[in-house]
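Numbering (my numbering), first residue to last: 207 to 397.
Quick reminder that beta carbons are idealized off the backbone N, C-alpha and C, glycines included.
1. Measure the C-alpha to C-alpha separation of residue 213 and residue 220 and round it to an integer number of angstroms.
2. Would the C-beta of residue 348 count as close to the ligand ADP, meaning under 8 Å from any of its heavy atoms?
3. In terms of alpha-carbon separation, which member of 390, 377, 321 lies closest to residue 271?
4. Is the beta carbon of residue 313 less than 9 Å from the beta carbon of residue 350?
5. Using the C-alpha atoms, what's the distance from residue 234 back to residue 241?
6. Taking the continuous beta strand (DSSP E) assigned at residue 232, which residues delimit it?
7. Whole angstroms is fine: what's the gap from residue 387's alpha carbon to residue 345's?
Right, dumping it as structure tokens:
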């Protein structure tokens, strides 16, 4: 979490490393800190190397950016279940850039795709992993377990990204041989 500058513009930066039970509280704290530190002109959300996690946390986070609309649809053999924004939209007035890479999967792809489709957020970095399925865990009598795919995720625009990933608007890789983070530098230029 922090503030970045591009000329006279101030951009908030929040990294989300996973979607677990603590994500909502950590997200709320980071948003509050940024909004009380300075007037911001936009927001960068960093989902690089975020493997995903809890769907509920992804829906809560996406809901901060748009009040109405589908975050993701779960399509099973016999049903389609759209998950709607929870309507908070407290960050709806800020332009957004989302950082992703091949390590961004599952719930992070859901939020990145929802923000791209619903509010035209720019995606910067590398194409995402491409996990677009839902698994259910079945406990076995011998103590083992079996994970069975029961549905697929569709982004608000209808795309199924399984094995394909989400393409970025601006492709850039971080050069690990330099002290700078080239992906963040490129993201700041988008404002």
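Reading it off the structure:
1. 20 Å
2. The ligand ADP is not part of this structure, which contains no ligands at all.
3. 321
4. no
5. 11 Å
6. That residue, residue 232, is in no beta strand (DSSP E); its alpha helix (DSSP H) goes 229-243.
7. 43 Å
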